[in-house]
Structure formats: C-alpha cells, structure tokens
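Below: the structure, in structure tokens.
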Amino acid sequence: MEKKVQTRREGLPELPNLNSRKPVLRFAPNPNGPLSFGHSRGLVINGQYAKELDGELILRFDDTDTTVKPPMLEAYDSIPKQQEWLCGFPAHRIVIASERMDKYHEYATKMLEGGFGYVCTCSAESFREFRVSKQECPCRGNSVDENLELWRKMNDPEGFQPGEAVLRVKTDMTLKNPALRDWPAARIQTNPHPRVGNKWRVWPLLDFQSAIEDYLQGVTHIIRGKDLMDSTRKQTLLYAHFGWDYPETIYWGRVKVHEFGAFSTSQMKRDIAEGIFDGWDDPRLPTLSALSRRGIKADSLRAFWIELGLTQKDISVPLSTLYSHNTKAIDAQAPRLAFVRNAYPVKLSGDFPKTGTISSHSDTEMTPRQYSIDEGVWIEEDDSGKPIRLKDLCDIDSTGNVESIDRSDKRSVVHWVAGGTPSKLTIADGQEITTVEGILEDHNYPVGTILQLERIGYAIVEDDGLLMVHD
RNA sequence: GCUCGUGUAGUGUAGUGGCCCAUCAUGAAGGCCUCUCGAGCCUUCGACCCGGGUUCAAAUCCCGGCACGAGCACCA
C-alpha cells in the first residue's frame, strides 16, 4: 500500500476578489517612531502580495494625531528605508496624510452638504450616554446650513475650542453594534504638527482619513489586524453614503511573542529618553533596527510571517521560530571562529603541530583559518581540569600533556584559541542584557559579519566586540 | 454589559462534505554524518474544544455550550 500524498498550499493564500486586477495594497503606520517587529507583518504580507501579483504597495503615514501620538520627524526618513529593507523593493507610492488635509476637508464638507454628517457639540460623556441608550443627540437634527456654519466655527480659532465640537458621520443610533453609532470623523487639535505646523485646526480621525484616502488611491485590498474589524464596518457605512464600493478586506489575529513583552512605541520613546535603553537599536528592543543589528535577515522575517499566514486566530509564537528561519539564512555564509569565554590558560607539552590551518566551514568552501601556537592555548574555564580534545589539534590530559594527535577516544571536543584578542560578547535575552568576557580568535572579518562561534552560536561583529545573534 | 471574531499535535500551519485512522514546519526523543552544544540526513512522538443535529459520509454544514481575543476613544 502506498502512502497517500497530500497537496499542501504553499505561501500566502490567494487574494480574494482579484478579478484579474493588479492589486493596490497599503501599509499605514503612525510615524510616531521607527518601525517595530509588530509592523513587519503588515509590511511583509502587503508587500509580498504586491510583489507576487505585480500590484502596488502604498506606504502611508497616518500622522493626523498631534496630541496622543505626536509624529517624530526622523520616522519619515527611517520608515521608507526600513520598508525597502524588509520588502526588498521600495514602495510604489508614499502618501503623507498631513499633506493631504485639503482632501479630507473637501470630503468632510461634501459629507455635510450631502446631509450624512453633522457637527456635534455634545460632550464626549453625554454622547456616550446617547450611544448606549440608542438616543439621537440634539445636534443630529441640524440643517445643512447650520452644520456648515458650525463646521466653519470648528475651523476658526475664534470659534470652537478643542473638545467643544466634533464632526460625526450619520449612521443609525439603533445599530446593534454600539461602535458604529454616529461615529466621530474629525476633531479639533491645536498642537502644532511637526510638518505642517498650525496650518490646520480640524484633523480627521483614522476611520475617516483612512477611508477617504483608500478611495482616492484606488486601494483594492486592505489587509490588517482584526482589531480593525469595526473600522471596516464604520468605513463601509461612510462609503455607502458616498456611493463607493469598499475594498476587499482581510484580517489577521493578534500575535504575541513571548520574549517581547508589551512594548509600545511611545513607551520605548520614553525609556530611551530616560536612558533605560541606548537607542532605537538597543538589542533588547523589538524594533526593526534592533533586529537588523542583531543579524536577523529581512528574508527570515518574510519567511516567518508568510508561514504564519493570514488566520484570524490569536497566536503566541516563540522567537525560536524566527531564529530557525534565520539559521537557514545565515549558516552557509557564517565562518566558524573560536571565542573562549572566561579564558583559562593551558600550557601544552609534548609533540603537536605548532602551526597549521583549520577549516572555517565544514560544508562550504571558505578560506581556512591559520593558527600558530607559542607554548599554550586558551580554553574555557568550564572545559579545564579534565582530559579533552582540542578541536582539530590534539588530545591532552588535564594538565596539558599531549596524548595523541589523532582522536583517541570519546572525550569531549572543545574549542580553543592560540593568541587571540580579548573581546566581549553581548547577549540580549528579552529584557536582560549580559556581557561575557573572553578571548576571540584573531580574524579580519569586517563589522557586520555574522560568525558562528564554535559551541556557542551565531554572533555578529560590532565595532567594540560581538553581539549574540542566536544559538 | 453590548457587539464582533476565533477554536486542528508543545508551538504555528494545510485542509471548505468523501482522496484525512488528517499536511508541512518548528519542537522533543533517538540514530547517522561531521574533530562545534552548528549545519545536513534518517526514524519516532504528538492534534480536529465539548455536546447534540443534518448526511450514506463532517475537521469541514447547522444549533447549543465552553474557552480565548478584540471593539464599544474627540488614538492609530
């Protein structure tokens, strides 16, 4: 009897409702800081579809909140670079919401003129009561002219102040889902925007800004977290008012990575300012710059997210899954080198080859390492005091007497360094960071080379030592 | 509380009524190879949340539980 072979879908699922179009996708981060691991999912998935289906990827800066999540100017430069690093191609279009404010105002006005939006002067608290009790608020009955006048007052510095008025989309106060009842579309913010200053006073909220921009850009497919499901429903109601068709929408569930605790961009920003972390690329942080510095390849992140796919399940994955992809990406190019932790000197006596070469990689062609032994070698303290085999050299007893050149028994094989240079290995393990002193075999590899430290794991060469990549 | 969503091996994932006593990866255990606790190769372990129903046939459809998650912001 033959074993039945099953066909298994590889890669991302087919994009629904494509109808032989070229898809237009978008990824819309808030530029209140550089990109993190969490953002990489949106970038990888949207980017991958755009690439595979010869479509377009729009990188959009959703920077319409100057109060809670004020934009960070450097992020407008760093995000496109990181996007290109991660996706392997630059975004086809870059859209900056704060530069598109005239459009959002235009459509806000159209909404008021069309009678499906209104300016609400209720307080947030009293509107919450209306929402819960399914009652219409008094402002809902404003005439178009009244609304246009109130809208003018929202935009007038002499008029409403922040919190005194908000623009709402008229849906239906009796909708089953409370989140959808006459949702807010824009509010007044007087903090200056780092890019456009005080040019605008009324700023759209995400659901309105994103909905209008997706329409203007011709987005065909929106792929995003399922926490935004209600956003889709709100925006669909707005699209219906305008007579537009909402893009096809796909969701993914929440991903928790155990090793990355709860990091938020704003919290990281505070902690860096306070000196708890060295910078955005501190190896303890889950930012893309930190991951890249730690030797995680863009290919590995792509493979990781594509493997997780697009299910709506909330999942929890260990970082070792990402590391396993990364090992495949780096192993063939990682020269082997010895780093002796807590170096312990051993004086060798007897006959052994004082100079020679050792392979740098058992599976690939790579320039071999050369060694030259004066009178002794360094081994790890943990390996001392017992008969051992110095890898690729000889068997010795606990005192350093050479017993055999060929491997004579099953004693453990340990790595060693002749000469070498004091160095340190930095290991970031979640929030913990430790440094191990040791002796590193001499080498000429430039900064950025990923090595495999024998019996330890992969590490990347930095200016002032080694940074652990992973086991 | 209301609303929405999800439940396949330890962790992820394939599977949309029969090809499934369920795929692949990772993990764990063992072996081979290799003078690394690396890579590669081989073997083994291990799952359809529970209860009903529809059907000749259900992981797949329906109903009810249960569990978990998210939304109900003048954040994104």
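Numbering of the first sequence is given in my numbering, commencing with residue 18 and proceeding in unit increments.
Note that the Cβ used here is the ideal one computed from N, Cα and C, for glycine as well.
If you ignore the 5 residues before and after Ser401, its C-beta comes within less than 6 Å of the C-beta of Tyr361, all in its own chain and listed in chain order.
DSSP places Asp288 in the uninterrupted alpha helix (DSSP H) bounded by Thr282 to Ala290. The DSSP-derived three-state label of Lys345 is helix.
Nearest neighbour of Ile444 by Cα position, chosen from Asn418, Gly393 and Gly312, turns out to be Gly312.
Pro303 is positioned such that its CB atom lies closer than 7 Å to that of Phe280. For His56, the closest C-alpha among the options Ser115, Leu197, Leu442 and Trp269 is that of Trp269. For Thr84 against Asn208, the beta-carbon gap comes to about 5 Å, under 8 Å, which counts as contact.
DSSP places Thr191 outside both helix and strand once states are collapsed to three, so it counts as coil.
When C-beta atoms of the stretch 402–417 are compared with those of the stretch 362–372, three or more pairs fall below 8 Å, so the two segments count as touching.
Counting only the Cα atoms, Ala476 lies some 12 Å from Asn343.
A direct Cα-Cα distance of roughly 21 Å separates Pro155 from Asn172.
With a cutoff of 7 Å on beta-carbon distance, Gly235 and Val41 are scored as near each other. As the crow flies, the alpha-carbon of Leu90 is around 31 Å from that of Ala141.
Contact annotation: Ala67 and Leu74 have beta-carbon atoms nearer than 7 Å. From the listed residues His210, Gln152 and Trp220, the smallest Cα separation to Ala182 is found for Trp220.
The beta carbon of Val213 is closer than 8 Å to those of Ser115, Glu116 and Met118 in its chain, skipping five residues each way along the sequence. The stretch 318–329 and the stretch 461–472 do not touch, with fewer than 3 CB-CB distances between them shorter than 8 Å. Under the three-state reduction of DSSP, Asn63 is assigned to helix. Between Glu324 and Val357, the gap from beta carbon to beta carbon reaches 7 Å or more. In terms of Cα proximity to Gly447, the closest of Lys371, Arg386 and Asp299 is Asp299. The beta-carbon separation of Ser379 and Ala435, rounded to 20 Å, does not stay under the 8 Å limit for a contact.
Going by beta carbons, Ile240 and Asn63 fall inside the 7 Å limit. Glu454 is a Cβ neighbour of Lys441, given a cutoff of 7 Å.
Excluding residues up to 5 positions away in sequence, Pro195 and Arg198 lie with their Cβ nearer than 7 Å to the Cβ of Arg148 in the same chain.
Rounded to the nearest angstrom, the gap between the Cα atoms of Ser309 and Ser341 is 16 Å. Here Ser421 is bridged, per DSSP, to Asp412. As the crow flies, the alpha-carbon of Leu223 is around 20 Å from that of Thr138. Pairing Ile96 with Leu29 gives a Cβ-Cβ distance that is not under 7 Å.
Lys187 places its beta carbon less than 7 Å from that of Phe133. For the stretch 132–175, the full-length beta strand (DSSP E) segments reaching 3 residues or more read 134–137 along the chain.
Taking the Cα positions, Glu153 is about 14 Å away from Pro201. The Cβ atoms of Leu192 and Val274 do not sit closer than 7 Å to each other. Excluding its 5 nearest sequence neighbours in each direction, Met246 has C-beta neighbours in its own chain below 7 Å: Tyr268, listed in chain order.
Contiguous alpha helix (DSSP H) elements confined to the stretch 229–316 occur at 246–259, 282–290 and 305–310, taking only those with 4 or more residues.
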